[in-house]
Amino acid sequence: ATGEEQTDVITTVAPALSVRATGGRVQANFDYALQGLHYFSDGSRDNIRNRFVGNGTAEIYEDEVFVDAQASISRQIVSSAGPISGSEFDDNSNVAEVRNVEVSPAFRHHFGNWVDTITRNRVGHVMTDSDAVADTTTVGAEFLATSGSRFSVFTWSISGTEDKTFRDSGAPRVKTRFVNADGRYAVNRSVSLLGGVGHEKIDDPTLNPKPEGVTWNLGTALRPGSKTDITVTYGQRFDGENWAAEAAYRFSPRTQVSASYQETIRIGQQAINQDLSFLGVDDQGVLIDTRTGLPFNFDSADFGLTSDATRNRAFDIAATATRRRQSFRLNGGWQTQKADTTGIEQTVITAGGSWTRTLNPRASATAAVTYRHTDFGTTNGREDDFYLASLSYRHVLSDTVSGSLSYVRTERVSTVRSADQSENVVTLAVTKTF
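Note that my numbering has the sequence shown beginning at 907, numbered continuously upward.
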């Protein structure tokens, strides 16, 4: 806040374990770190933190019975209106530790090359150390049938899901049920027709009205050339019109532009487990978000955490390029989130970019910038502009030791002067691998 300033020197030790295991019947991928922090100016702030993200699959009976599991421990911003740091060392009350685990036995069956099915039960739990957000337990079941290899020109799927989510503190539970039948007809190599029909029911007291009724969608998938893919659908969902679109253009194998638009309902803490389902591993063994190709990261800075269901719209665009010893990324986005309980709709516009250069086989440097404009939609007319700029240098000292030096500058300018903030963080790190 304006007029308040704190300076500190922080030391941290973080033993970490990274596992990538692929066996005959078991696959597991996870990263774990135990981080201890010491604050020189105030020892009472010393603390120990856990960071974990991972998933795994065990094949119980050959090609038929599986058990999938995923879990994470992360620190996330509770409210986008509160203090936001560009450092992992912050300890303000606007950051909460979020712990999440989900286990789901799955049964797969193949009816020759005609139909493939999977039946799944799941139970998940999300806990936070913030009183502002409720802990939740979700139990559910899912069935999916897809066309087998016999189908080529016309492919189809039939799915059904039902979930119950229980909030703590006596808060009302949530029940959702979705049934869908979708098809895709290939007119030729460049054009496919899309269509689907279904039924939805979302019984959540934080939604008004509660969506219930028939859903449908029509659309097309276009591939005018080997470098271009475009998909657009329009229909009825969530008690209203619903649009979705994706597009990608590949200039070369190492340069592409992609964009997407979607309209969804995010149901409280369920969204954390849904995001974790996109956890993958790239060719270098790094855990990534398969939607973006970037290292996996829970980022709640745009809207913060909420126990309520919200109506969301999001447009994202990104461009990536690799040129010899350099790589670039530009990204932008527009998002809205509306809570029926308050009638408030927040709008967030983001833009950013990064540049990484390999200086030599042992050294690299990265520069990155981020801009975020937030219109909170509140009666006081609050709007924030958030800026982040960072520089980092990494040097490999030996086969098992590396060092890095980074500087991060963040600044928030708000129409509510008491929310203004700025931060400078310099970090020197040494990493030893075994």
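Where is the CB? At the ideal position from N, CA and C, for every residue including glycine.
- Judged by DSSP in its simplified three-state form, residue 1177 adopts helix.
- Within the segment 959-1041, the runs of beta strand (DSSP E) at least 3 residues long that lie entirely inside it are, in chain order, 971-983, 1001-1017, 1021-1034.
- The alpha-carbon of residue 1270 is positioned some 11 Å away from that of residue 1297.
- Across the structure, residue 972 and residue 1004 are spaced so that their CA atoms are roughly 27 Å apart.
- According to the DSSP secondary-structure assignment, residue 1116 is paired through a beta bridge with no residue.
- Apart from the 5 residues on each side of it in sequence, residue 1187 sits with its Cβ closer than 8 Å to the Cβ of 926, 935, 1193, 1194 in its chain, given in chain order.
- When only Cα atoms are considered, residue 922 and residue 1275 end up about 28 Å apart.
- Residue environment for residue 1171: buried (at least 16 other C-beta atoms within 10 angstroms of its C-beta).
- Residue environment for residue 1056: exposed (fewer than 16 other C-beta atoms within 10 angstroms of its C-beta).
- Within the model, the alpha-carbon separation for residue 1035 versus residue 1090 is close to 45 Å.
- In summary, residue 1309 is exposed, with fewer than 16 beta-carbon neighbours lying within 10 Å of its beta-carbon over all protein chains present.
- Separation of the CB atoms of residue 960 and residue 977 is rounded to 6 Å, and the pair is thereby assigned contact status at 8 Å.
- The residues 1050, 1086, in chain order, have a CB closer than 6 Å to that of residue 1065 in the same chain once the five nearest residues on each side in sequence are set aside.
- The residues 1112, 1174, 1245, 1247, in chain order, have a CB closer than 7 Å to that of residue 1214 in the same chain once the five nearest residues on each side in sequence are set aside.
- In the displayed model, residue 1258 falls within a strand according to three-state DSSP.
- Rounded to the nearest angstrom, the gap between the Cα atoms of residue 1038 and residue 1208 is 17 Å.
- Burial is judged here by how many other beta carbons sit within 10 angstroms of a residue's own beta carbon; residue 1143 has at least 16 and is buried.
- Secondary structure remark: continuous beta strand (DSSP E) runs of at least 3 residues inside the segment 1143-1190, in chain order: 1146-1158, 1161-1173, 1185-1187.
- In the structure shown, residue 1213 falls within a coil segment according to DSSP collapsed to helix, strand and coil.
- Check the Cα spacing between residue 953 and each of 998, 1062, 1212, 924: the tightest is with 998.
- Taking a 10 Å sphere around the C-beta of residue 1018, we find fewer than 16 other C-beta atoms and assign the residue as exposed.
- Taking the CA atoms as reference points, residue 1334 sits about 10 Å from residue 917.
- In the structure shown, the three-state DSSP call for residue 1079 is coil.
- Contact between residue 970 and residue 1015 holds, since their C-beta atoms are separated by about 7 Å, short of 8 Å.
- In this structure, the CA atom of residue 1048 is about 45 Å from the CA atom of residue 1315.
- When beta bridges are read from the DSSP output, residue 1084 appears opposite 1067, 1106.
- Relative to the Cα of residue 1159, the nearest Cα in the group 1216, 1133, 1311, 1128 belongs to 1133.
- For the pair residue 1280 and residue 1289, the Cα-to-Cα distance works out to about 6 Å.
- Taking a cut-off of 8 Å for Cβ pairs, the segment 1021-1028 and the segment 1314-1333 do not touch, as fewer than three such pairs fall below it.
- Of the residues assessed, residue 1146 falls on the exposed side of the cut-off, its CB having fewer than 16 other CB atoms within 10 angstroms.
- In the three-state scheme derived from DSSP, where H, G and I count as helix and E and B as strand, residue 1227 is classed as strand.
- Counting only residues of its own chain and dropping the five nearest sequence neighbours on each side, residue 1240 has a CB closer than 7 Å to the CB of 1221, 1255.
- DSSP places residue 1331 in the uninterrupted beta strand (DSSP E) bounded by 1327-1338.
- DSSP, read as helix, strand or coil, puts residue 1056 in coil.
- About 12 Å separates the beta carbon of residue 1227 from that of residue 1237, a gap too long to meet the 8 Å contact definition.
- Only residues of its own chain outside the window of five on either side were considered, and among them 973, 1027 have a CB closer than 6 Å to the CB of residue 1011, listed in chain order.
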